[in-house]
Every structure is written in structure tokens, then in C-alpha cells.
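**Student:** For reference, the structure I am asking about is given below.
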Amino acid sequence: MRITLTLTLAALAFTAGCTDSTDKQDASAPRFDVSDDAKADSPRTPIKGGDLKVSELEEWSFSRTRGYIGYDIQLEQGRVDIDLTGADGLDTILYVFGPKRANGHYPAQVLAFNDDYEPGVNLGSHIVLDVPTAGMYRLVASTYDNYINYPRNVTVADYRLIVRCQSPTFGACGPAVSPVGGTCWADEDCLAADGQPLHCEGEVTCAPGTQCLFVREGACVEDYAWMTYAAVQCGSPWSQVELTDEEATRFPSAELAQVVKFYGQQGIAFDEIGTLAAPEPMVTCSACGCPRGTQVAIKVKTPAAAVLGGLGWIYSASDPAAMSLAPAQCGANPWQTAPTSDLTAELEQVDTWIAGMGASVTKRGFAWSVEPQLVCAACSCPRGDRLLAFPVDQEDHGLLSSSGFADIYVP
622 MRITLTLTLA ALAFTAGCTD STDKQDASAP RFDVSDDAKA DSPRTPIKGG DLKVSELEEW
682 SFSRTRGYIG YDIQLEQGRV DIDLTGADGL DTILYVFGPK RANGHYPAQV LAFNDDYEPG
742 VNLGSHIVLD VPTAGMYRLV ASTYDNYINY PRNVTVADYR LIVRCQSPTF GACGPAVSPV
802 GGTCWADEDC LAADGQPLHC EGEVTCAPGT QCLFVREGAC VEDYAWMTYA AVQCGSPWSQ
862 VELTDEEATR FPSAELAQVV KFYGQQGIAF DEIGTLAAPE PMVTCSACGC PRGTQVAIKV
922 KTPAAAVLGG LGWIYSASDP AAMSLAPAQC GANPWQTAPT SDLTAELEQV DTWIAGMGAS
982 VTKRGFAWSV EPQLVCAACS CPRGDRLLAF PVDQEDHGLL SSSGFADIYV P
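The working numbering puts the sequence shown at residues 622 to 1032.
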């Protein structure tokens, strides 16, 4: 099919090579009818870049064989900002087509087009799009140099493309992703720009086809793992670590501070640390190297967990799943029938409470945040620690769940 070009005199002056941003003219509208464009790599038939979500950052590159790159995105009616930028002042252009028709094709004419965000100042492309109707839209990224040298591709450079929603409500503009700390409804809603694995935590969702009284958005957090280490008599790796008086009182057990300091000196940081033990004391020997009958439990980011896996730490991936509960202030927890003076006494109360509900656990214990946490003093506020429990079977898991426990995350 013949390609109809409607070059201006200014555009013709540049067809021999790359542009100079000091004297180029901003292209306020596409300079050829894309409906007549039959080139395989063009605004009408771009190279497929893939599917995109709102707030998802796409980073790729233009090449001699990849000059017009298209992305499909599902959008709801509303207003979005679309930004296309490149390194070293790359002069980009951006097209929007849509919505996709029932026959599977996009309209031939562009819905929106931008060359320079600020002509002569910012050569990136920016479109504020009032999405007319919900549907699938196509974004096509290219450069001014490709534009004026059409049908040849002359740009070899990296670019970044992102669509942002002007509504503060997550998902209001269409399927979206969030960074660390952003809102989410499912793990696939979370995406870090640096590739760090994330998941959605704290969400309360309603299964399709059901009616729910309560739903809640979660937050995107970095993937982590719970790991355990079976401590032995005399010879744990951290046994010789010296602590200051302040460090020794950071946790109920000074040994936990030794563990944190020992691995911190190796560049490995923990989120939480605690101890686990069976409700019934184990018979152990006192010789060096014998198991003590307790385990150190840690919550750690997955990259560090991979390192610790080679140092004797075991992933906590029990079946049924391990569970946790956040204790409240003021002794207002269901197991606290009387004031206690130490951790051992409170764990005895926990054991009595769990047995009273008819459940059994293989081990239980408390864990604490490694970094001090700000907590409120109201009796309904969390204390800042965590009660961990490992149910024996699915029946025990169900009993603990009905008493406020939730599964710990397993990556």
C-alpha cells in the first residue's frame, strides 16, 4: 500500500540526519496518515512491546530494526498521564490509539499524539489523556529522528514509558501495579522498578460470586522468608560476639542481640528475630554440640535468605503453615489470665490457652522487630512483638485461625 507523507518544509530540512534540539520544530500532529501506513514497523503496525499496567515502568530501547514500539493497556474512563522519556535528552514522540474495536483492531486515526512536552526545553513526550470509554488502548513509542526519517529507523537509544492515574484510588484507571508501600489487592498488583520481588500483604478480598461484609486493601512489601536455626550447646556461630550494655538489653534474650550483631557484621540484616521451642521441654544433653532444644527464628528479605540457606538456616515452610498473631498492650490478650514477670511464664499461659481451645502445636515462641518500632500505649494497640505457632495438623490450623492467628507468608 502506498504511504502518503505530508512533510512540511521544516521537516524536509531534517530528513538527511538527526535533529538539533536548538532549532527543531515541535510536531504538533502526526505528519502522515497512519491509516495508509503499511510498513511492518510503524505507528499503525508497531513492534509489539507487550502489555502494560497503570504505574508499571517499562524500560526498553530503540534500534535500527525497532523504531515504533507498541504497548496495549486496559484503561477505565478517567484521566491519565502518559510519559515517554529517554536518556541524554532523547527527542521522543508518542501516539495513543483506541479503544480497540469489537473486531480486534484499533481505530486507524490517533486518539492523541505528542512530540515535545516543553518544546525547546523538555524533548520527552507527555500526554494528559481523558480516556473516553473503558477499553483496551495502544501506546506507540518512537523518536523524532525516526519520525522525520520515516520509513528508516535511525535512533539507537534507551527509553522509559509509564502511565499514571490522576485518581488516588488504586485501580481507578485500570489494572495497576504499586511499588513498595503502595496499595494492592493481590501479589500481581505489586512491582518494584529495580526488580526486587514484592507481594501484597494485609489485603482482605471477596471471592468472585460471594458477598462479603468487609474488604480491605493491602500494601506491597518486599518478599521475605521465615527461617530457623537449631542452636547447639557451646558452639553457635555467634557465641563469642561481645555486646554493649545497651545491645544486651535490646531483646528479652541477650543471645538474640548476639545473632543480630554477628550477621550484621557480614552485611545481613533481619526484620524480626525470636525463639521457638516445643511446649513440652525436650530431653537434651549438656555436651558441647548437642542440640539445646530451641530454635532461633528470623524474618529476613529473600536475597539475604538465599545466603543464609548456605549457612545452616532452614526455611520455615511447614505443612500446615506456621501462623502468627500480634499481641495487644495492657495484658489484654486471651491467654493472659494473670500478670507475668517473664517470657517463660507468658509462654506457659499461651500453652494453656492453646490447649484449652483443643489445639496442639509442635513449637511456639515470640519474635521482635530488630529495629525499634513506634507503638501506641492504648490497650487495643499492638505491643510490637509477634506470637508464632506451628500447628500439628489442619484441624489445629483451623482452631488457631478461628482464634485470630494468620498464616505467615511463604515466598
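Each residue gets a CB set at the ideal place from its N, CA and C atoms; glycine is no exception. Keep in mind the model is a prediction, meaning the values are calculated, not measured.
With a CB to CB cut of under 6 angstroms and the five nearest residues on each side skipped, what residues in its chain are close to A925?
**Tutor:** Position 304 of the sequence shown, counted from the first residue, corresponds to residue 925. Taken in chain order, the residues that qualify are I889.
**Student:** Around the Cβ of T686, are there at least 16 other Cβ atoms within 10 angstroms (buried) or fewer (exposed)?
**Tutor:** Taking the first residue of the sequence shown as position 1, residue 686 is located at position 65. Result: exposed.
**Student:** Our contact map puts D844 next to Y765 with C-beta atoms below 8 angstroms; I'd like the distance itself, whole angstroms only.
**Tutor:** Here residue 844 corresponds to residue number 223 of the sequence shown, with the count starting at 1. Here residue 765 corresponds to residue number 144 of the sequence shown, with the count starting at 1. No, D844 and Y765 are not in contact; Cβ-Cβ is about 41 angstroms, not under 8 angstroms.
**Student:** Using beta-carbon positions only, say whether I694 and V784 come within less than 8 angstroms of one another.
**Tutor:** In the sequence shown, counting from the first residue as 1, residue 694 sits at position 73. In the sequence shown, counting from the first residue as 1, residue 784 sits at position 163. Yes.
**Student:** Compare the C-alpha of G691 against each of L673, S684, K882 and name the closest.
**Tutor:** As a first step, residue 691 must be located in the sequence shown, where it is residue number 70. If we check each option's Cα against that of G691, L673 comes out closest.
**Student:** How would you call R759, buried or exposed, if buried means at least 16 neighbouring beta carbons within 10 angstroms?
**Tutor:** Taking the first residue of the sequence shown as position 1, residue 759 is located at position 138. Buried, because 16 or more other Cβ atoms sit within 10 Å of the Cβ of R759.
**Student:** Taking P608 and A947 to be in contact with their CB atoms under 8 angstroms, please state how far apart those CB atoms are, rounded to whole angstroms.
**Tutor:** The question about residue 608 has no answer here: the residues shown for the chain are numbered 622 through 1032.
**Student:** Specify, as a first and last residue, the run of the beta strand (DSSP E) that W681 falls within.
**Tutor:** Taking the first residue of the sequence shown as position 1, residue 681 is located at position 60. Per DSSP, W681 belongs to the beta strand (DSSP E) from 679 to 683.
**Student:** Could you give the C-beta distance for D815 and A942, rounded to a whole number, given that I count them as a contact under 8 angstroms?
**Tutor:** Looking up residue 815 in the sequence shown gives position 194. Looking up residue 942 in the sequence shown gives position 321. Going by Cβ atoms, the distance from D815 to A942 rounds to 29 angstroms, so no, they are not a contact pair.
**Student:** To test your reading of the DSSP string, which unbroken beta strand (DSSP E) runs of 3 or more residues are found completely within the stretch 728 to 773?
**Tutor:** For the stretch 728 to 773, whole beta strand (DSSP E) runs of length 3 or above, ordered along the chain, are 733 to 735, 746 to 752, 756 to 764.
**Student:** Out of curiosity, what's the CA-to-CA distance linking A898 and R985?
**Tutor:** Your numbering for residue 898 matches position 277 in the sequence shown. Your numbering for residue 985 matches position 364 in the sequence shown. The straight-line gap from Cα to Cα measures roughly 6 angstroms.
**Student:** Check L1009 in the structure and name its three-state DSSP category.
**Tutor:** Counting from one through the sequence shown, the residue named residue 1009 turns up at place 388. Of the three classes helix, strand and coil, the one that applies to L1009 here is strand, per DSSP.
**Student:** Would you check if the distance between the CB atom of C805 and the CB atom of C841 is smaller than 8 angstroms?
**Tutor:** As a working mapping, residue 805 is identified with position 184 in the sequence shown. As a working mapping, residue 841 is identified with position 220 in the sequence shown. Yes.
**Student:** Is the stretch 846 to 854 in contact with the stretch 929 to 939, if contact means three or more CB pairs nearer than 8 angstroms?
**Tutor:** With a cut-off of 8 angstroms, the stretch 929 to 939 and the stretch 846 to 854 count as touching, because enough Cβ pairs lie within range.
**Student:** Decide if M622 is buried, meaning its Cβ has at least 16 other Cβ atoms within 10 Å, or exposed.
**Tutor:** By one-based count along the sequence shown, residue 622 stands at place 1. Per-residue confidence for M622 stands at a pLDDT of 26, beneath the threshold of 50, marking its modelled position as unreliable; no derived number is given.
**Student:** Counting C-beta neighbours from all protein chains within 10 Å, is the total for T916 16 or more, i.e. buried, or is it exposed?
**Tutor:** Indexing the sequence shown from 1 puts residue 916 at position 295. In the sequence under discussion, the amino acid at residue 916 is Gln, which differs from the Thr named in the question. Result: buried.
**Student:** Check whether the Cβ atoms of F683 and Y780 sit closer than 8 angstroms, and answer yes or no.
**Tutor:** Position 62 of the sequence shown, counting from 1, holds the residue named residue 683. Position 159 of the sequence shown, counting from 1, holds the residue named residue 780. Yes.
**Student:** Please work out which residues of its chain come closer than 7 angstroms, Cβ to Cβ, to G688, disregarding the five sequence neighbours upstream and downstream, and give them in chain order.
**Tutor:** Stepping through the sequence shown from its first residue, residue 688 is reached at position 67. For G688, where only same-chain residues beyond five positions count, the Cβ hits under 7 angstroms are D662, S763, N767, N774, T776.
**Student:** State buried or exposed for S656, treating a residue as buried only when at least 16 other CB atoms are found within 10 Å of its CB.
**Tutor:** As a working note, residue 656 is residue 35 in the sequence shown. Its pLDDT being 49, under 50, S656 is placed unreliably by the model, and nothing is read from it.
**Student:** Return the CA-CA distance between P900 and A980, expressed in angstroms with no decimal places.
**Tutor:** Taking the sequence shown and counting its residues from 1, the one referred to as residue 900 is at position 279. Taking the sequence shown and counting its residues from 1, the one referred to as residue 980 is at position 359. Roughly 12 angstroms between the two C-alpha positions.
**Student:** What's the C-alpha gap between R564 and R837?
**Tutor:** Here the chain covers residues 622 to 1032 and nothing more, so residue 564 does not appear.
**Student:** What is the rounded straight-line gap between the Cα of I919 and the Cα of G895?
**Tutor:** Taking the first residue of the sequence shown as 1, we reach residue 919 at position 298. Taking the first residue of the sequence shown as 1, we reach residue 895 at position 274. Between I919 and G895, the C-alpha separation is close to 6 angstroms.
**Student:** Are the CB atoms of S788 and G856 nearer to each other than 8 angstroms?
**Tutor:** One-based indexing of the sequence shown puts residue 788 at position 167. One-based indexing of the sequence shown puts residue 856 at position 235. Cβ atoms of S788 and G856: not closer than 8 angstroms.
**Student:** Excluding the 5 residues flanking V991 on each side, which residues of the same chain have their C-beta closer than 8 angstroms to its C-beta?
**Tutor:** On the sequence shown, residue 991 is found 370 positions in, with the first residue counted as 1. V881, A890, F891, D892, E893, I894.
**Student:** Count the other CB atoms, across all protein chains shown, that sit within 10 Å of the CB of G670; report buried if there are 16 or more and exposed otherwise.
**Tutor:** As a working mapping, residue 670 is identified with position 49 in the sequence shown. Buried, by the Cβ-count rule.
**Student:** Give me, in chain order, the residues of the same chain whose beta-carbon lies closer than 7 angstroms to that of Q854; leave out the 5 immediate sequence neighbours on both sides.
**Tutor:** Sequence index remark: in the sequence shown, residue 854 carries index 233 (1-based). Closer than 7 angstroms at the Cβ level, and outside the excluded window around Q854, lie S907, A908, C909, G910, C911, R913.
**Student:** Where L750 and P800 are concerned, what is the direct C-alpha to C-alpha distance, given to the nearest angstrom?
**Tutor:** For this step, residue 750 is matched to residue 129 along the sequence shown. For this step, residue 800 is matched to residue 179 along the sequence shown. So the two alpha carbons sit approximately 23 angstroms from each other.
**Student:** Can you give the beta carbon distance from L696 to F718, rounded, assuming they're within the 8 angstroms contact cut?
**Tutor:** Position 75 of the sequence shown, counted from the first residue, corresponds to residue 696. Position 97 of the sequence shown, counted from the first residue, corresponds to residue 718. With 8 angstroms as the limit, L696 and F718 do not qualify as a contact, their Cβ atoms being about 12 angstroms apart.
**Student:** With DSSP run on the structure shown, which of helix, strand or coil describes Q861?
**Tutor:** The sequence position of residue 861 within the sequence shown is 240, counting from 1. Note: Q861 maps to coil in three-state DSSP.
**Student:** Tell me whether the stretch 870 to 884 and the stretch 945 to 960 touch, counting them as touching only if at least three CB pairs, one residue from each stretch, are closer than 8 angstroms.
**Tutor:** Counting Cβ pairs under 8 angstroms, fewer than three are found: no touch.
**Student:** Take the Cβ of L995 as the centre, count every other Cβ of all protein chains shown within 10 Å, and call the residue buried at 16 or more, exposed below.
**Tutor:** In the sequence shown, residue 995 corresponds to position 374, counting from 1. Label assigned to L995: exposed.
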